[in-house]
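Residue numbers (the working numbering), protein chains in the order written: chain S, 5 to 116; chain Z, 91 to 203.
We treat Cβ as the ideally placed atom computed from N, Cα and C, and that holds for glycine.
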């Protein structure tokens with residue numbers, strides 16, 4: 005199957021770390037992505053990870069991949085109000101230029 | 091680069107009318123995707139093209155939907171006749187053959203009343 009699931013909502017205080025989780029069911033996924041969608045806007049690619057990696061760090065973002073449990077997470081360090089958005093994980097099966105299957109999206113709310 | 095450009099950004103139309111959504115992909119990109127986003131179903135891939143040729147249209151909901159890509163710089167998604175359940179945000183996206191990055195447009199927000 006190609007189900008990708010996420011929790012719907014996460015609220016954190018400004019300055020704290022946010023952890024957004026995602027589970028997928030198809031072990032043949034080769035690339036996993038995190039996209040950010042701000043209100044009224046399109047999707048912006050934040051980062052991606054190959055299925056043969058465990059972790060990827062990019063500035064405030066850390067992606068962890070547990071292939072055994074089919075679990076992907078995105079950690080945002082020092083969360084800011086500008087990070088408030090919907091975050092989607094997505095998977096593809098054939099790598100480059102492949103169609104994406106998106107998760108349900110997690111709405112991150114950052115409070116002062 | 092201007093990114094993926096979609097038009098119109100917003101459209102309100104009456105049930106039964108024809109709707110045409112337009113997309114200009116990023117120059118040089120080989121792949122073009124049409125996605126639909128709704129509260130109930132999330133993001134769904136409708137169809138995608140490679141070098142202007144439709145590759146997978148299994149996500150197109152029904153015959154009322156059609157998509158074309160007459161050249162490398164232009165694609166349309168047409169709904170005829172439109173129904174209220176077609177109300178959604180329609181995203182166009184593109185990427186290059188050797189890239190992991192799919193770029194999305196800002197979306198066309200369609201309301202059918």
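Check: Report the rounded CA-to-CA distance for residue 32 of chain S versus residue 21 of chain S, giving the unit in angstroms.; Outcome: 30 Å
Check: For chain Z, is any of its Cβ atoms less than 8 Å away from the one on residue 51 of chain S?; Outcome: no
Check: Ordered along the chain, which non-local residues of its own chain (more than five positions away) have a Cβ less than 7 Å from that of residue 149 of chain Z?; Outcome: 134, 135, 136, 137
Check: Using Cβ-Cβ distances below 7 Å, what residues of the stretch 180-202 of chain Z are close to chain S?; Outcome: 181, 185, 187, 188, 189, 190, 191, 192, 194, 195, 196, 197
Check: Beta-carbon within less than 8 Å of residue 16 of chain S's beta-carbon, same chain only, minus the 5 sequence neighbours each way: which residues are those?; Outcome: 22, 83, 112, 113, 114, 115
Check: Using a Cβ cut-off of 8 Å (strictly closer), state whether residue 103 of chain Z contacts chain S.; Outcome: no
Check: Assign residue 99 of chain Z to buried or exposed, taking buried as 16 or more other Cβ atoms, counted over all protein chains shown, within 10 Å of its Cβ.; Outcome: exposed
Check: List, in chain order, every chain Z residue whose beta-carbon is nearer than 9 Å to that of residue 40 of chain S.; Outcome: The contacting residues do not exist; residue 40 of chain S stays about 11 Å from chain Z at best.
Check: Could you check if residue 115 of chain Z is buried or exposed, using at least 16 other CB atoms within 10 Å of its CB as the buried criterion?; Outcome: buried
Check: Which chain Z residues are close to residue 103 of chain S, counting only those with a beta carbon under 8 Å from its beta carbon?; Outcome: 123, 135, 138, 146
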